[in-house]
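J.:
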Amino acid sequence: MAKNPIIIRQNLRIGELDAESDTQLLDECFIDSGYLSKLLDTNDTSSIVVGRTGAGKSALLHKVMSKAYRFKKLDPNDISIRFLEHSDIISFFEELDVNLDLFYKILWRHILIMEFLKIRHDINSENDTRNFFTSLTSFLRKDDIRKRALEYFREWGDKFWIDTDTHLREITKKLENDTKAKIGTALYGVELNAETAKKISEEDKHEIRKRASEVVSGMQIQKLNEVLDMLAEHSFSDLQKKHYIVIDQLDENWAENHTRYKFIRALIEEIKVFRRVKNVKVIAALRHDLLKSVFNLTRGSGFQEEKYESYILDLQWTANQLNELVSKRIQEVFKKQYTRENIDINDLFPSPKGGSKGMLPIEYIIERTLYRPRDVLQFINECFKIALNRERISWDSIHKAESVYSEKRLRSLKEEWGDIYPSFEETIEILREVPEKFTRTLIPKHNLEYVVTELSVQNSGDPCAIMASKMLNNEARESDVVNEIFLCLYNISAIGFKVSSLTPYKWSFRDSSPVNKAEIKRASHIKIHKMLHKALDIKIATSDIYHKDDGDEDPD
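By numbering that gives the first Met the number 0, the letter at position 93 of the sequence shown is numbered 92, and the numbering carries on one by one without gaps.
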């Protein structure tokens, strides 16, 4: 408890909203829920860190790297995947409808093998490469089975130590040369690109597609399998020394969605393959919605999503953990920037609303988040801005901060879900000035008419816009549009719903299992998330503002 008066100074913050800018507080105020040990354990299959924006994925990867014996962080922005989108040979294959899944897997397998060897053997130059080859040749001299692995490395020669981006270009060039050799005289002297593929007759296209597919399926995959086995025996035999490759920023726009989804799916498959090398681990971070899109848009016949569950580490936070996070950060910030005294939440925030057993300010704040650190930090930082030069944060300051925070959350949802719901900005307006809890019959007619009209002219791939257009063309009913809109709003956590008065509200940020339209149709009661109340002018009785519904109790 602070003995001296506290003055909230300008620019006081309990953290930045991105892990890269927040490393100091992150190191000192990290809350471990057991995720860190699972990722560091190379015997544990958990490798794909999944969570919504602001759930702490990058922060967790930062801690992995700080604890790792050796690691390499890969940023897809540095690999120039966009080069593939402009590659003539790739466009040639895609126009012919040749399956390139194996090619993308080979790219990742090669990249990961080379990066693991670089960090294991400190390969940074041609001289380092020669020393590695000498050691490897001696190890494989009497092993005929492993000769193919040695051949693979020799093919790269002095290019072994070069950057990942150049490796990718070299492999793609090899694909082009092999394709030209395989196709032979059929397209002699003709550039292999999408335009060429379009001009090929259907009769010739079948034969060329067959030969092109053979090129992809024969691309060094057996040699790479031998290399993996060699890694386990030669380079990573010491089980006490763990090596990690950490891949973040997969959510960013480092490639067009079509390419990005295929490349991420190939990475997921290769993460599974590298389980063959016991003391190495590939760890990647993905947003929930991106992983969903990857699986939905790359699934083939016989795809079973449950086979990937053991590899996925789904980040979830409880109210107690978020409370602990805020407490630690407040203490650390005031200790370093203001005073040596221990400052806790009660020194800064007002008394509970409704008496000693009423709602605490931190409870009020957390209820208006998606139970993610970034949301909580953002709300509290706004509170500090409003309460500048005061000794405490009042309830009035909290409410004013909430108005700013709520608008920011609305914008963030648009950015987070823009790929899947590009018309979200129009769709969300169906909730404007609606009661906090409502049924379908309480949706204002003018809200629905406005949203349907706006969506119908969007000309986007948004499922809500598509359904609205169908309705205006008499190809769908009004209820179909409403169900599509509710499914969208549920997925982004703008609303929760009940299928009966006896069940609790179902929220997507708490329940990772997907919801289908059949469940949405059965939704009898709908509730708007409190984070959007201010931004959407939601109607709520004053007596209910500080009320915590039984159906919204914290999951722990």
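Ideal Cβ positions, reconstructed from N, Cα and C, are used throughout, including at glycine.
Everything numeric in this text was worked out from a predicted model, so none of it was measured.
1) Is it the case that the stretch 27–35 contacts the stretch 259–271, given that we only count it when at least three CB pairs across the two stretches are under 8 Å?
2) For GLU424 and ASP536, what's the separation of their Cα atoms in angstroms?
3) DSSP three-state call for HIS528: helix, strand or coil?
4) Is the beta carbon of ILE282 less than 8 Å from the beta carbon of SER46?
5) From what residue to what residue does the beta strand (DSSP E) around LYS356 run?
6) Could you check how far apart the C-beta atoms of TYR504 and LYS529 are, in whole angstroms? I think they sit under 8 Å.
7) In terms of alpha-carbon separation, which member of ALA467, ASN446, LEU447 lies closest to VAL456?
8) Grab me the residues of LEU238's own chain with a C-beta within less than 6 Å of its C-beta, minus the 5 sequence neighbours each way, in chain order.
9) Can you give the beta carbon distance from LYS71 to GLU114, rounded, assuming they're within the 8 Å contact cut?
10) Quick test of your reading: ARG328 and GLY14, contact by CB under 8 Å. State the CB separation rounded to the nearest angstrom.
11) Considering only their Cβ atoms, is the gap separating GLU390 from ILE5 smaller than 8 Å?
12) Taking only three categories from DSSP, how would you classify TYR420?
13) Could you pull out every residue in the same chain whose Cβ sits closer than 7 Å to the Cβ of ARG12, ignoring the five residues on either side in sequence?
14) Could you confirm whether any beta carbon from chain D is found closer than 8 Å to the beta carbon of ASN482?
15) Can you check whether the CB of SER292 is closer than 8 Å to the CB of ASP557?
16) Grab me the residues of PRO421's own chain with a C-beta within less than 6 Å of its C-beta, minus the 5 sequence neighbours each way, in chain order.
17) For the beta strand (DSSP E) that contains LYS497, what are its first and last residues?
18) Any idea if VAL63 is buried or exposed, counting beta-carbon neighbours within 10 angstroms, 16 or more meaning buried?
19) Applying the criterion that 16 or more other CB atoms from any shown protein chain within 10 Å of the CB defines a buried residue, is GLY50 buried or exposed?
20) At which residues does the alpha helix (DSSP H) containing HIS287 begin and terminate?
21) In angstroms, rounded to a whole number, what distance separates the CA positions of VAL481 and GLU194?
22) Output the distance between the C-alpha atoms of TYR489 and SER134, rounded to the nearest integer angstrom.
23) Nearest to ILE615 by alpha carbon, out of ALA534, TRP394, LEU106?
24) Just confirm the distance between the C-beta atoms of LEU38 and LEU369, as a whole number of angstroms; I'd bet it's less than 8 Å.
25) Please report the straight-line C-alpha distance between ILE244 and GLU213, rounded to a whole angstrom.
26) Can the beta-carbon of ILE110 be found less than 8 Å from the beta-carbon of THR163?
27) For GLN377 and GLU362, what's the separation of their Cα atoms in angstroms?
28) Tell me which residue opens and which closes the beta strand (DSSP E) that LEU174 is part of.
29) Run through DSSP, which three-state label would LEU369 get?
30) Quick check: the Cα distance between LEU249 and GLU414, rounded to an integer number of angstroms?
31) Return yes when the C-beta of GLU225 is under 7 Å from any heavy atom of the ligand FAD, and no when it is not.
32) Under 8 Å, do VAL498 and ARG476 count as touching if we go by C-beta distance?
33) Within this structure, are the beta carbons of ASN76 and GLU308 separated by less than 8 Å?
34) By a C-beta neighbour count over all protein chains shown, 10 Å radius and 16 as the cutoff for buried, is LYS335 buried or exposed?
35) Is the beta carbon of LEU191 closer than 8 Å to that of PHE82?
T.: By the coordinates alone:
1) no
2) 15 Å
3) coil
4) yes
5) That residue, LYS356, is in no beta strand (DSSP E); it is neither H nor E in DSSP.
6) Not really, about 12 Å apart at Cβ, beyond 8 Å.
7) The shortest Cα separation from VAL456 among ALA467, ASN446, LEU447 belongs to ALA467.
8) ASN278
9) Confirmed, Cβ separation roughly 5 Å.
10) 6 Å
11) yes
12) coil
13) Excluding its 5 nearest sequence neighbours in each direction, ARG12 has C-beta neighbours in its own chain below 7 Å: ASN380, PHE383, listed in chain order.
14) The structure shown contains no chain D; it is built from a single protein chain.
15) For residue 557 there is no data in the structure shown, the boundaries of the chain being 0 and 555.
16) These residues qualify, in order along the chain: SER459, ASP461.
17) 494–497
18) buried
19) Residue burial is scored here from C-beta neighbours: GLY50 has at least 16 other C-beta atoms within 10 angstroms and is therefore classed as buried.
20) 287–297
21) 43 Å
22) 57 Å
23) Since the first residue of the chain shown is 0 and the last is 555, residue 615 is not available in this structure.
24) Wrong, their Cβ atoms sit about 23 Å apart, outside the cutoff.
25) Distance between the alpha carbons of ILE244 and GLU213: 31 Å.
26) yes
27) 15 Å
28) From DSSP, LEU174 is part of no beta strand (DSSP E) but of the alpha helix (DSSP H) over 163–182.
29) coil
30) 15 Å
31) The model depicted lacks the ligand FAD and carries no ligand whatsoever.
32) Contact annotation: VAL498 and ARG476 have beta-carbon atoms that are not nearer than 8 Å.
33) no
34) exposed
35) no
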